[in-house]
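Student: The following block contains the structure, expressed as structure tokens.
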Amino acid sequence: LEVNDNTLKNLCAGNCVKIEANAVKVYSKNSIAKIPFRKPRGNYIKKFADLLTAYLVKGLLDGKKVVEAVKYGVKTLERNSKKIR
Numbered sequence: 374l375e376v377n378d379n380t381l382k383n384l385c386a387g388n389c390v391k392i393e394a395n396a397v398k399v400y401s402k403n404s405i406a407k408i409p410f411r412k413p414r415g416n417y418i419k420k421f422a423d424l425l426t427a428y429l430v431k432g433l434l435d436g437k438k439v440v441e442a443v444k445y446g447v448k449t450l451e452r453n454s455k456k457i458r
């Protein structure tokens, strides 16, 4: 699945996803959703971000909302945390 920046912007439609130390935050026009998650250290953060992006895109293509897609991605990554390492 190839995704260019425009596709991602259109899919996310005004939402911003930010990975912080203990949570993944999803900012939209009028709310902030905080999904608790321990950020992996060091080199793993890039891989975590890439995997989360992949799950986000998959979730959005399945018709989920951005917050739901991120929650789905975080839950899946928690279950498969060995993949990150």
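Each number in the working numbering comes from the position in the sequence shown (counting from 1) with 373 added on.
All C-beta atoms, glycine included, are put in the ideal place defined by N, C-alpha and C.
Remember, predicted model here, so these are calculated numbers, not experimental data.
Since I believe Val399 is in contact with Val439 (beta carbons under 8 Å), could you give me their beta-carbon distance rounded to a whole number of angstroms?
Tutor: Rounded, the Cβ-Cβ distance is 6 Å, consistent with contact.
Student: Determine the direct distance from the alpha carbon of Lys391 to that of Leu450, and round the result to whole angstroms.
Tutor: Rounded to the nearest angstrom, the two C-alpha atoms are 16 Å apart.
Student: Rounded to whole angstroms, what's the CA-CA distance from Asn416 to Ala394? Just pull it up for me.
Tutor: Taking the straight line joining both Cα atoms gives about 14 Å.
Student: Kindly indicate which three-state DSSP category Ala442 falls into: helix, strand or coil?
Tutor: Here Ala442 sits in helix by DSSP.
Student: Should Gly432 go down as buried or exposed, given a rule of 16 or more other Cβ atoms within 10 Å for buried?
Tutor: With 16 or more other Cβ atoms within 10 Å, it is buried.
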